[in-house]
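What follows is a set of notes on a single structure, which appears directly below.
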């Protein structure tokens, strides 16, 4: 399946904004950021879609932290036919691995799957799912998950154990 260019570009914009936050850099004003993104070749509709996506994440109610709580009973999720079509096999494997390591709880995993398949008729790649996962985890657990988000983006599983 071909990827949706608009979706890829919106995720790229979200990644740029997330990098400012993850690297603890000073975030420019919204106007300066829009100018920077437009100079980089992004269309105003793409920038608006990215800001809308981030705003939706920011308005989610805080989730009580269960970080460090062991999984009572390991669960195995079966992907629906729609989800299996929408998520590449690598992306599904990535989610299964994160869940089995206890990095994702059921609610967070469901939110990631919903965000990944909403509004797209194209298959979601592993790289796209990593971005969606990192941003979702970051939005839910901003203060306590900084290191884990870095590990997800770098696929450095060893740092999650130490």
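Residue numbers (our numbering): 1 to 162. All C-beta atoms in this analysis are idealised placements derived from N, C-alpha and C, irrespective of residue type, glycine included. Just so it is clear, the structure is predicted and the values come from calculations on it, not from any experiment.
Three-way DSSP call (helix, strand, coil) for residue i in this model
| i | result |
| --- | --- |
| residue 124 | strand |
| residue 104 | coil |
| residue 9 | helix |
| residue 43 | coil |
Where residue i falls, given that 16 or more other Cβ within 10 Å makes a residue buried
| i | result |
| --- | --- |
| residue 90 | exposed |
| residue 128 | buried |
| residue 97 | exposed |
| residue 103 | buried |
| residue 85 | exposed |
| residue 116 | buried |
C-alpha gap between residue i and residue j, whole angstroms
| i | j | result |
| --- | --- | --- |
| residue 101 | residue 95 | 10 Å |
| residue 44 | residue 18 | 18 Å |
| residue 9 | residue 40 | 11 Å |
| residue 50 | residue 83 | 23 Å |
| residue 132 | residue 15 | 9 Å |
| residue 136 | residue 108 | 8 Å |
Bridge partner(s) assigned by DSSP for residue i
| i | result |
| --- | --- |
| residue 98 | Bridge partners of residue 98: none, in fact. |
| residue 87 | 124 |
Candidates the options: closest to residue i by CA position
| i | options | result |
| --- | --- | --- |
| residue 12 | 110, 99, 88 and 48 | 48 |
| residue 140 | 112, 52 and 87 | 112 |
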